[in-house]
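Sequences listed follow chains A and B, in order.
Counting from 1, position 292 in the first sequence corresponds to residue 293 in the numbering used here; the numbering is continuous, with no gaps.
Counting from 1, position 82 in the second sequence corresponds to residue 240 in the numbering used here; the numbering is continuous, with no gaps.
By construction, the Cβ of each residue, glycine as well, lies at the ideal position given by its N, Cα and C atoms.
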Amino acid sequence: MAASRPAVAADVPGGGPRSRDCVSIFRTDAEPAAGGSSIRCRDGDPACDADGTVNGSCAFTVRICASSTRDASSCLSPGADEIVVAHALDDGDPQFDPDFQALQSRVDGLDLPRTEQDLCTSAARVVVPLAGPFAGNRCRGARKTLRTHAISLPIPGIGRIEDADVLRLSCVPAEDSCIPTTLFDGTFDRIQGQVFDRSCALSGCHDSQTRMAGLLLEVGASRSNLVGVTPTTTAAADLGWNRVTPGDAATSLLFRKLSGDLGAGLGERMPLRRRALPSRLVEIVRLWIDAGAPATGWVPGTEE
Amino acid sequence: MDRRRFLSRTGWLTAGALLGPGLFSRPLVRGALAAQGDRYLVSLVLDGGNDGLNTIVPMDDGDGSLRSDYEAARLGGTGGLRLAVDGPNPLLPLSVAGLAGRDPNTGAELGMHPGLAGIVPGVIEASGDPGFGGLHALWAAGKVAVVQGCGFPDYNLSHDEARRVFHTANPRGVSALATSGWLGRTLARPAAGFGATDVPGLNFRDAVAGEFRQHATAVAAARRLSDFTMPKDVSAYSSDNAAKLAAIEALYAAQSSRPGPWRELGDAGTATFRCMDVFPAASKLYLADRAAWSAGYDKMGLGTGRDLREVAKAIYARESGDERVQAFAFRVDNGGYDTHSDQGGADPAGQHWALHAELGASLKHFFDDLADMGSALDRRVTVLVWSEFSRRVRQNDSGTDHGSQGPMFVVGGGVNGGVVGNHPNIASSDLASDGNTRYRQGTHDFRSTDVRDVYGTLLVQWLGVPAAAVIDPATGMLRLDDGPPDERWTVANFDLRRAVDGAPLFAA
Numbered sequence: 002m003a004a005s006r007p008a009v010a011a012d013v014p015g016g017g018p019r020s021r022d023c024v025s026i027f028r029t030d031a032e033p034a035a036g037g038s039s040i041r042c043r044d045g046d047p048a049c050d051a052d053g054t055v056n057g058s059c060a061f062t063v064r065i066c067a068s069s070t071r072d073a074s075s076c077l078s079p080g081a082d083e084i085v086v087a088h089a090l091d092d093g094d095p096q097f098d099p100d101f102q103a104l105q106s107r108v109d110g111l112d113l114p115r116t117e118q119d120l121c122t123s124a125a126r127v128v129v130p131l132a133g134p135f136a137g138n139r140c141r142g143a144r145k146t147l148r149t150h151a152i153s154l155p156i157p158g159i160g161r162i163e164d165a166d167v168l169r170l171s172c173v174p175a176e177d178s179c180i181p182t183t184l185f186d187g188t189f190d191r192i193q194g195q196v197f198d199r200s201c202a203l204s205g206c207h208d209s210q211t212r213m214a215g216l217l218l219e220v221g222a223s224r225s226n227l228v229g230v231t232p233t234t235t236a237a238a239d240l241g242w243n244r245v246t247p248g249d250a251a252t253s254l255l256f257r258k259l260s261g262d263l264g265a266g267l268g269e270r271m272p273l274r275r276r277a278l279p280s281r282l283v284e285i286v287r288l289w290i291d292a293g294a295p296a297t298g299w300v301p302g303t304e305e
Numbered sequence: 159m160d161r162r163r164f165l166s167r168t169g170w171l172t173a174g175a176l177l178g179p180g181l182f183s184r185p186l187v188r189g190a191l192a193a194q195g196d197r198y199l200v201s202l203v204l205d206g207g208n209d210g211l212n213t214i215v216p217m218d219d220g221d222g223s224l225r226s227d228y229e230a231a232r233l234g235g236t237g238g239l240r241l242a243v244d245g246p247n248p249l250l251p252l253s254v255a256g257l258a259g260r261d262p263n264t265g266a267e268l269g270m271h272p273g274l275a276g277i278v279p280g281v282i283e284a285s286g287d288p289g290f291g292g293l294h295a296l297w298a299a300g301k302v303a304v305v306q307g308c309g310f311p312d313y314n315l316s317h318d319e320a321r322r323v324f325h326t327a328n329p330r331g332v333s334a335l336a337t338s339g340w341l342g343r344t345l346a347r348p349a350a351g352f353g354a355t356d357v358p359g360l361n362f363r364d365a366v367a368g369e370f371r372q373h374a375t376a377v378a379a380a381r382r383l384s385d386f387t388m389p390k391d392v393s394a395y396s397s398d399n400a401a402k403l404a405a406i407e408a409l410y411a412a413q414s415s416r417p418g419p420w421r422e423l424g425d426a427g428t429a430t431f432r433c434m435d436v437f438p439a440a441s442k443l444y445l446a447d448r449a450a451w452s453a454g455y456d457k458m459g460l461g462t463g464r465d466l467r468e469v470a471k472a473i474y475a476r477e478s479g480d481e482r483v484q485a486f487a488f489r490v491d492n493g494g495y496d497t498h499s500d501q502g503g504a505d506p507a508g509q510h511w512a513l514h515a516e517l518g519a520s521l522k523h524f525f526d527d528l529a530d531m532g533s534a535l536d537r538r539v540t541v542l543v544w545s546e547f548s549r550r551v552r553q554n555d556s557g558t559d560h561g562s563q564g565p566m567f568v569v570g571g572g573v574n575g576g577v578v579g580n581h582p583n584i585a586s587s588d589l590a591s592d593g594n595t596r597y598r599q600g601t602h603d604f605r606s607t608d609v610r611d612v613y614g615t616l617l618v619q620w621l622g623v624p625a626a627a628v629i630d631p632a633t634g635m636l637r638l639d640d641g642p643p644d645e646r647w648t649v650a651n652f653d654l655r656r657a658v659d660g661a662p663l664f665a666a
């Protein structure tokens with residue numbers, strides 16, 4: 002791995018006809034592959050991962066620039082009227098991504114419509130966490146797809162130009178780097194980061210805006226909403242179960258929901274209408290509950 | 159032209175009753191303007207949920223543990239949001255010459271987010287730059303009340319629900335108050351004397367904001383005063399544009415004597431035409447007379463600054479003697495505060511810093527502009543800065559999730575600057591199960607400031623609304639609700655005072 006190539010700003014037009022590709026472009030600190038719209042980064046590579054450390058995720062630095070002059074002979078925008086980042090609205094969109102929201106906030110800060118050429122936002126970070134860690138201290142690569150839709154100010158006699166762009170950001174693991182005890186502070190921190198943050202505390206589900214079934218699973222809120230708390234599912238409450246019963250996974254609705262081991266009236270498996278969690282993660286949740294659901298420290302058997 | 163564009167050109171209006179020519183010959187309107195003392199109110203929202211804990215920040219523990227609790231919840235290092243007491247970009251202490259900046263309950267010294275001081279790298283850096291010094295300069299001049307711990311019973315983590323409560327001042331959902339806003343009810347009060355085609359409120363956004371909603375008078379919404387123009391007919395028959403407009407205006411006017419929705423439509427149309435008569439001209443007047451100040455807003459290049467310039471234009475036209483401008487209540491939005499990720503701490507390139515820098519610099523330049531207009535205008539305009547909720551006490555990887563009570567700012571030369579109300583208790587042992595601070599009333603040490611107390615104080619002390627009218631069961635703007643006895647509202651609640659010496663929120 003090249004250790005310390007300096008970051009160079011690269012302009013990524015984002016695809017579509019060249020004659021319309023200038024209303025909005027991406028400006029990144031990492032080079033896309035062969036002039037395309039995809040950036041592939043190895044976790045910790047300082048040339049593309051802005052946090053520069055092997056930490057289980059790649060942080061891509063992305064700006065959006067309006068009315069780019071990089072290919073002025075093919076496309077000239079008289080100014081941008083509006084640039085919309087997809088999945089940036091915290092309104093129950095299951096694909097809502099706070100990083101896209103942060104980018105949209107920066108676009109809003111441009112106060113469009115504006116006629117200036119090469120008008121760029123300040124830099125935002127789009128963090129792509131690796132999938133994992135899985136058994137054997139392995140992680141898999143992961144990807145986020147950033148989409149924008151931009152409309153220019155009218156050009157006399159032509160009208161407005163619309164420009165839809167895509168930037169694919171892929172993170173691949175560094176060798177021998179996916180060790181849970183370096184990525185997380187303890188078992189519960191691992192469950193928060195690897196289960197709740199990725200599969201539960203999502204817009205429209207157990208996030209602060211929605212709190213489905215009265216359950217909030219975001220950082221700082223999740224544990225006290227689980228441990229010793231009676232579930233809103235009546236059938237489970239009637240059985241005397243808790244969301245998490247310390248020391249007893251069998252009477253913990255969280256574990257039953259994740260494992261899919263549900264009787265009548267106990268509702269659907271979680272995550273709802275998504276692929277079931279890998280069995281290894283469900284096992285980690287079971288071990289954590291059976292060990293008393295501690296807030297800190299590593300429960301034996303959950304470190305890898 | 160799509161619907162959104164059409165509406166943003168022509169304004170979106172709520173409407174009501176009678177059309178009357180010779181507006182200011184009407185004694186009722188004259189009386190209303192005199193009663194509120196030619197004072198102005200701007201509602202400025204930090205939309206998305208401002209992180210209050212990183213806005214007004216404990217700098218030490220005082221007699222409690224606020225700073226220690228803060229440092230436990232807000233981390234240092236990469237992605238950490240902790241604001242430091244010293245080192246690069248430190249917090250700015252509220253204790254400055256002549257002003258006490260301590261939390262009244264714990265005695266902790268309070269500091270202001272450094273970005274609020276209005277320094278925007280590359281834009282506002284030198285003391286001569288417009289907006290330099292930001293909110294901290296206004297604070298040091300005694301023009302800012304920091305009202306801590308503002309919220310409502312049973313806080314709500316949904317943006318829409320929390321906004322609804324802030325708009326209606328109706329946390330318990332009393333049906334009589336559910337469809338109108340607290341400022342709207344003020345404008346619609348019969349004693350205010352505004353008719354259905356009068357426009358006492360202006361919102362610089364795409365639609366009328368919730369706190370202005372009502373059905374007795376008109377509130378106009380547009381991004382810019384110059385947007386109040388009808389799209390021009392550019393066809394072969396463009397020479398008769400004036401006649402076409404006159405015909406449309408007559409059509410609207412004719413509906414005002416018809417019942418129900420026809421009248422509403424007619425009144426809204428007539429009010430829109432009135433806006434078209436008045437506001438583009440007001441904009442031109444300001445740009446011609448105050449070009450240097452206008453250039454200052456452009457130099458800052460900040461959206462909130464540009465919106466506040468529209469407020470300045472309306473005020474300037476009215477103060478210049480254009481009696482057709484009735485607007486005295488305004489709404490301005492500063493969005494982007496929903497900082498779930500990549501919030502940024504003390505880094506000037508960070509998201510929260512940029513938002514705060516925009517707010518601070520924009521307010522500073524706006525009040526400098528007003529002061530320069532003369533007629534003591536900087537003392538006759540008050541800006542209420544609010545947000546639908548604060549954010550989770552404990553940060554996530556690089557941001558914060560939705561929270562509960564947070565600070566509001568009351569800004570203006572008429573304000574007795576200082577700290578009002580208590581900082582919420584952020585000790586992890588005292589947080590609610592969702593990790594947020596608790597709303598409290600009664601004699602609790604960490605008693606919260608109810609948002610209705612803030613509104614009531616503004617209405618009574620600033621806009622001169624009789625206190626009894628604020629809670630009057632029939633016409634009340636903030637009515638008694640069915641809460642527990644210590645949460646019921648009385649006239650005495652509408653009297654927020656500076657903690658250190660008990661001075662009222664507004665100077666006499």
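| Query | Result |
| --- | --- |
| N-terminal and C-terminal residue of the beta strand (DSSP E) that residue 565 (chain B) is part of | 564 to 569 |
| Reference residue 143 (chain A), options A:236, A:57, A:298, closest by Cα | A:57 |
| Neighbour flag for residue 298 (chain A) against chain B, beta carbons, 8 Å | no |
| Residue from B:540, B:522, B:567 with nearest C-alpha to residue 286 (chain B) | B:522 |
| C-beta atoms of residue 55 (chain A) and residue 149 (chain A) nearer than 8 Å | no |
| Other residues of its chain near residue 104 (chain A): CB distance less than 6 Å, five sequence neighbours each side excluded | 86, 125 |
| Straight-line gap, residue 462 (chain B) to residue 159 (chain A) (C-alpha atoms, nearest Å) | 33 Å |
| DSSP state of residue 272 (chain B) mapped onto helix, strand, coil | helix |
| Pairwise C-alpha distance: residue 230 (chain A) and residue 476 (chain B) | 59 Å |
| Inter-residue spacing [alpha-carbon to alpha-carbon] between residue 155 (chain B) and residue 232 (chain A) | For chain B, the structure presents residues 159 to 666; residue 155 (chain B) sits outside this window and is missing. |
| Residue 288 (chain B), buried or exposed, once every other Cβ within 10 Å from all chains shown has been counted against 16 | buried |
| Partners in chain A for residue 592 (chain B), counting only beta-carbon separations shorter than 7 Å | 217, 222, 226 |
| Proximity winner among B:315, B:447, B:353, relative to residue 422 (chain B) (alpha-carbon distances) | B:353 |
| Inter-residue CB distance, residue 113 (chain A) and residue 196 (chain A) (contact presumed, cutoff 8 Å) | In fact, because the Cβ distance is near 39 Å, the residues do not count as touching under 8 Å. |
| Cβ-Cβ distance between residue 377 (chain B) and residue 366 (chain B) below 8 Å | yes |
| Short CB-CB distance (under 8 Å) between residue 507 (chain B) and chain A | yes |
| DSSP bridge partner residues for residue 145 (chain A) (one or two, in chain order) | A:170 |
| Check whether residue 72 (chain A) and residue 131 (chain A) have beta carbons under 8 Å apart | no |
| Buried or exposed by the 16-neighbour rule on C-beta atoms within 10 Å, applied to residue 416 (chain B) | exposed |
| Among B:545, B:556, B:573, B:572, nearest to residue 562 (chain B) - alpha-carbon criterion | B:545 |
| For residue 122 (chain A) and residue 111 (chain A), the rounded distance between their alpha carbons | 7 Å |
| Given residue 470 (chain B) as reference, the closest of B:418, B:481, B:443 once Cα atoms are compared | B:443 |
| is_contact[residue 232 (chain A), chain B] using C-beta, thresh 8 Å | no |
| Cross-chain neighbours of residue 219 (chain B) in chain A, by beta carbon under 8 Å | Here the premise fails: no neighbours, minimum Cβ distance about 21 Å. |
| Spatially closest choice to residue 308 (chain B) from B:479, B:318, B:597, B:648, by CA coordinates | B:597 |
| Chain B contact residues for residue 99 (chain A), given Cβ-Cβ distances below 7 Å | 498, 499, 557 |
| Residue 294 (chain A) classed as buried or exposed, judged by whether at least 16 other C-beta atoms fall within 10 angstroms | buried |
| Proximal residues of chain A, C-beta to C-beta of residue 315 (chain B) below 8 Å | 209, 210, 212, 217 |
| Cα-Cα separation between residue 283 (chain A) and residue 342 (chain B), rounded to whole angstroms | 53 Å |
| Under 8 Å from the C-beta of residue 554 (chain B): neighbouring residues of chain A | 198, 219, 220, 221 |
| Amino acids of chain A, ordered along the chain, whose beta-carbon sits closer than 7 Å to that of residue 551 (chain B) | 221 |
| Residue 124 (chain A) at chain B interface by Cβ criterion, 8 Å | yes |
| For residue 61 (chain A), the first and last residue of its enclosing alpha helix (DSSP H) | Here residue 61 (chain A) belongs to no alpha helix (DSSP H); instead the beta strand (DSSP E) covers 58 to 67. |
| Touching by the beta-carbon criterion (3+ pairs, under 8 Å), the region 216 to 231 of chain A and the region 182 to 199 of chain A | yes |
| Distance CB(residue 636 (chain B))-CB(residue 628 (chain B)) smaller than 8 Å | yes |
| Residues of its chain near residue 75 (chain A), where Cβ-Cβ distance is below 7 Å and the 5 sequence neighbours each way are ignored | 19, 20 |
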